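Same order as they appear, the protein sequences are chains A and B. As numbered in my numbering, residues 790 to 909 make up the first sequence, in order. As numbered in my numbering, residues 4 to 204 make up the second sequence, in order. By construction, the Cβ of each residue, glycine as well, lies at the ideal position given by its N, Cα and C atoms. It should be emphasised that the depicted structure is a prediction, and the values quoted were computed from it without experimental measurement. All remarks here apply to the structure that follows.
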Amino acid sequence: MSEDKNPHLIDHFNKLRAILPEVYRPENDDSSPTSNKLFSLLKDSLGVIEAVYLQSPESFSSTRLDVYSNIISQMAEMGIEYKGNDEILNNAANQLIMQAKKPMEKAGLVSRADLGKKTG
Amino acid sequence: MGKVIKLSVHTPEKLGLKKVRKRKRIDLEDFGQLNLFSQDTTKVLALPGKKSFFEEAIELDERGNPEAERYYLLAVENDESVEDALCNLAILKSSQDEAIAAVDYLTRCLKKSPRHFEAHYNLGNVYSDLGNFELAKVHYELASQIAPEFPNSFYNLGLVLISLKEYKRAIECINHYVSLSPDTDTSTAKELINTLDTMAQ
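Here it is as structure tokens:
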């Protein structure tokens, strides 16, 4: 039974909220000092990652690109607005596209005439 | 009465096992004779049974046996299908995340045979893994020119062109892949074309 539909329970829940605010805080309430602090730390950390990328893009392995883009997308899912670095996100997207590519071809297995039949 | 003579008794020395000692080899050449058994310069060749080293390597490779690498190297050493062996060594290196070694083998293959189809196609794959889409594009294009009947070069070229934001050409390539693969499930490729059509507009 929903508390909103039962006037007797509203008062009860309001009292509980007053006694235990940390338990009855809405899920996406980012206004707590801890959340704000965590968000600030996350932004700083991402800023450091982006700075490292700008200094030496080649040091970013495909796994790191993937992890970075996952963080940004999870932040978006959580309703946290963070634009992210376009170049890193673009590289991560390209990498994702190329994961769908057809595999390498062994030499010496088939004649050239059979190549048309080979696909995977 | 006879005289008893006392003989001294010596315990005989026990003849036990004898260790074999390495004898000092006589150098026949010191006596003016040519030594036919000198092993300093003799090259010992491992003989492949009925199959060549390359055929053996291919079989091992197909079974996922890591010995395949050794046999490919033996094939190269013994001048058997060198280009193909180098190309397949590159695939093994790429699967071991050794992209540089893979590029090295593939370029050695192309040095011997500049129009080696698989080498160009596989270089396209290695360069796209490394994020160098321009080079990947060049090698996929060459592969598609050398073997225009092979569909996968066009598919991978299409993906690289998406990354390079050349959407119109990407659509053409993936459409061509679909037309070359009538018996294959091309639903993913068709879905990709639909998405690209929207992006290209």
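Practice prompt. Output the boundary residues of the alpha helix (DSSP H) element that contains E121 (chain B).
Written response: Here residue 121 (chain B) corresponds to residue number 118 of the second sequence, with the count starting at 1. Element bounds for E121 (chain B): 120 to 132.
Practice prompt. Tell me whether the beta-carbon of Y842 (chain A) lies closer than 9 Å to the beta-carbon of A881 (chain A).
Written response: Here the question's residue 842 (chain A) lines up with position 53 in the first sequence. Here the question's residue 881 (chain A) lines up with position 92 in the first sequence. Not a contact, by the Cβ cut-off of 9 Å.
Worksheet item: Run through DSSP, which three-state label would I869 (chain A) get?
Response: In the first sequence, the residue the question calls residue 869 (chain A) occupies position 80. The answer is coil: DSSP assigns I869 (chain A) none of H, G, I, E or B.
Worksheet item: If we cut at 9 Å on Cβ distances, does A865 (chain A) have a partner in chain B?
Response: As a working mapping, residue 865 (chain A) is identified with position 76 in the first sequence. Judged by the 9 Å Cβ criterion, A865 (chain A) is not in contact with chain B.
Practice prompt. Report the residue from B:E70, B:K115, B:R111, B:L113 whose alpha carbon sits nearest the alpha carbon of L95 (chain B).
Written response: As a first step, residue 95 (chain B) must be located in the second sequence, where it is residue number 92. Of B:E70, B:K115, B:R111, B:L113, the residue nearest in Cα terms is B:E70.
Discussion item. For S829 (chain A) and Y124 (chain B), what's the separation of their Cα atoms in angstroms?
Written reply: Residue 829 (chain A) sits at position 40 when you count from the first residue of the first sequence. Residue 124 (chain B) sits at position 121 when you count from the first residue of the second sequence. Cα to Cα, S829 (chain A) sits roughly 47 Å from Y124 (chain B).
Practice prompt. Could you tell me whether the Cβ of K890 (chain A) comes closer than 9 Å to any Cβ of chain B?
Written response: Indexing the first sequence from 1 puts residue 890 (chain A) at position 101. It does; some Cβ of chain B falls within 9 Å.
Discussion item. Is there a Cβ of chain A sitting closer than 9 Å to that of G1 (chain B), yes or no?
Written reply: Outside the displayed span of chain B (4 to 204) sits residue 1 (chain B), for which this structure offers no information.
Discussion item. Would K206 (chain B) and L113 (chain B) qualify as a contact pair, given that the criterion is a beta-carbon distance under 9 Å?
Written reply: Since the displayed chain B opens at 4 and closes at 204, residue 206 (chain B) lies outside it and no answer follows.
Worksheet item: Assuming I886 (chain A) and L160 (chain B) make a contact with CB atoms under 8 Å, what is their CB distance in whole Å?
Response: Taking the first sequence and counting its residues from 1, the one referred to as residue 886 (chain A) is at position 97. Taking the second sequence and counting its residues from 1, the one referred to as residue 160 (chain B) is at position 157. Not confirmed; about 12 Å, so no contact.
Worksheet item: Among B:I174, B:I149, B:G127, which residue has its Cα nearest to the Cα of K205 (chain B)?
Response: The structure shown does not extend to residue 205 (chain B), since chain B is modelled only from 4 through 204, so no value can be given for it.
Worksheet item: Can you find a C-beta in chain A that's less than 9 Å from the C-beta of I61 (chain B)?
Response: On the second sequence, residue 61 (chain B) is found 58 positions in, with the first residue counted as 1. Closer than 9 Å to some Cβ of chain A, the Cβ of I61 (chain B) qualifies, so yes.
Worksheet item: Cβ of L898 (chain A) less than 9 Å from any chain B Cβ?
Response: Residue numbering aside, residue 898 (chain A) sits at position 109 when the first sequence is read from its first letter. True, the Cβ-Cβ gap to chain B drops below 9 Å.
Discussion item. For the segment 78 to 90 of chain B, list every residue whose C-beta sits within 9 Å of some C-beta in chain A, in sequence order.
Written reply: S84, E86, D87, A88, L89, C90
Worksheet item: What does F57 (chain B) reach in chain A if we use C-beta pairs closer than 9 Å?
Response: Residue mapping note: residue 57 (chain B) aligns to position 54 of the second sequence, counting from 1. Near F57 (chain B) (Cβ distances below 9 Å), the residues of chain A are G897.
Worksheet item: Is the segment 69 to 86 of chain B touching the segment 52 to 61 of chain B, taking contact as three or more C-beta pairs under 8 Å?
Response: yes
Item to complete: Could you have a look at G67 (chain B) and say whether DSSP puts it in helix, strand or coil?
Response: Here the question's residue 67 (chain B) lines up with position 64 in the second sequence. Three-state result, G67 (chain B): coil.
Worksheet item: Do N155 (chain B) and Y180 (chain B) have their C-beta atoms within less than 9 Å of each other?
Response: Position 152 of the second sequence, counted from the start, is the residue given in the question as residue 155 (chain B). Position 177 of the second sequence, counted from the start, is the residue given in the question as residue 180 (chain B). Their beta carbons are under 9 Å apart, which means N155 (chain B) touches Y180 (chain B) by this criterion.
Discussion item. Is the separation between the beta-carbon of K891 (chain A) and that of Y158 (chain B) shorter than 9 Å?
Written reply: For this step, residue 891 (chain A) is matched to residue 102 along the first sequence. For this step, residue 158 (chain B) is matched to residue 155 along the second sequence. A contact, by the Cβ cut-off of 9 Å.
Discussion item. Helix, strand or coil for T189 (chain B)? Go by DSSP, reduced to three states.
Written reply: Residue numbering aside, residue 189 (chain B) sits at position 186 when the second sequence is read from its first letter. Reduced to three states, the DSSP call for T189 (chain B) is coil.
Item to complete: Report yes or no: is there a C-beta of chain A within less than 9 Å of the C-beta of D107 (chain B)?
Response: In the second sequence, the residue the question calls residue 107 (chain B) occupies position 104. Taking Cβ atoms only, chain A never reaches closer than 9 Å to D107 (chain B), which makes this a no.
Practice prompt. Starting from the C-beta of I149 (chain B), find all residues in its chain whose C-beta is less than 6 Å away, skip the five residues before and the five after it, and write them out in chain order.
Written response: For the purposes of this step, residue 149 (chain B) is taken as the residue at position 146 of the second sequence. Around I149 (chain B): R118, F120.
Practice prompt. Grab me the residues of Q884 (chain A)'s own chain with a C-beta within less than 8 Å of its C-beta, minus the 5 sequence neighbours each way, in chain order.
Written response: For this step, residue 884 (chain A) is matched to residue 95 along the first sequence. So the list reads S851, L854, D855, once near-sequence residues are dropped.
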